[in-house]
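Student: Residues 1 to 112, numbered by this note's numbering, are exactly what the sequence shown covers, in order.
To start, I am sharing the structure in question, which I have written as structure tokens.
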Amino acid sequence: MGAKYEECMTVPFAAADVWQRAFEVLRNLQGAAGSIATTQPGVLSASFRATWRSWGEKITVHIGQASDGTVVRIRSACAFPFQFFDWGVNRGNVQQIRAGLEPPHAPEAGRP
């Protein structure tokens, strides 16, 4: 099995809003190739083209409603199953998506 990276997060928004935002984030990521597919309810999938650092990646975003918001599981895996090193590409993909889904931070007290 090839290299992969996965993170889970909970955001305080409705699942439909998170779904739309995740779609926009995937669409705007550099390297996105082809289309973004809905393989099953609550799952977005996208493929990223090969670069000098990898043979491409497959990204899935699982979205599910929870009592305190929406649970999101983001996974990036190498498209080539025998690529065991990704030089941080999968982690970078997941972190970019996570950053796009996180709520904006409130300004610190006493700061404008």
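Ideal placement from N, C-alpha and C gives every residue a C-beta, glycine not left out.
Taking the C-alpha atoms as reference points, what is the distance between F23 and V72?
Tutor: Here residue 23 is taken as the residue at index 23 of the sequence shown, counted from 1. Here residue 72 is taken as the residue at index 72 of the sequence shown, counted from 1. If I take the Cα positions, the gap works out to 13 Å.
Student: Return yes when the Cβ of I59 is within less than 8 Å of the Cβ of L26, no when it is not.
Tutor: Sequence index remark: in the sequence shown, residue 26 carries index 26 (1-based). Sequence index remark: in the sequence shown, residue 59 carries index 59 (1-based). Contact: yes.
Student: Under 8 Å, do G145 and P12 count as touching if we go by C-beta distance?
Tutor: The chain is shown from 1 up to 112; residue 145 falls before or after that span and cannot be answered.
Student: Rounded to a whole number of angstroms, what is the C-alpha to C-alpha distance between D17 and A77?
Tutor: Within the sequence shown, the letter at position 17 stands for residue 17. Within the sequence shown, the letter at position 77 stands for residue 77. D17 and A77: Cα-Cα distance of roughly 25 Å.
Student: Return yes when the Cβ of G42 is within less than 8 Å of the Cβ of I63, no when it is not.
Tutor: As a first step, residue 63 must be located in the sequence shown, where it is residue number 63. As a first step, residue 42 must be located in the sequence shown, where it is residue number 42. For I63 and G42, yes; Cβs fall inside 8 Å.
Student: Between L29, T38, W55, which lies nearest to K4 when the distance is taken from Cα to Cα?
Tutor: For this step, residue 4 is matched to residue 4 along the sequence shown. Out of L29, T38, W55, W55 has the C-alpha closest to the C-alpha of K4.
Student: Looking at the strands, I want to know which residues DSSP matches up with I74.
Tutor: Along the sequence shown, one-based indexing puts residue 74 at 74. DSSP output for I74 lists E7, V61 as bridge partner(s).
Student: For S45, write down the residues that DSSP places opposite it in a beta bridge.
Tutor: Taking the sequence shown and counting its residues from 1, the one referred to as residue 45 is at position 45. Note: S45 sits in a beta bridge opposite A37, T60.
Student: Between I36 and Q96, what straight-line distance do the alpha-carbon atoms span, to the nearest angstrom?
Tutor: The residue labelled residue 36 in the question sits at position 36 within the sequence shown. The residue labelled residue 96 in the question sits at position 96 within the sequence shown. Approximately 16 Å between the Cα atoms of the pair.
Student: Look up A66 in the DSSP assignment and say whether it is helix, strand or coil.
Tutor: As a working note, residue 66 is residue 66 in the sequence shown. If DSSP states are grouped into helix, strand and coil, A66 belongs with the strands.
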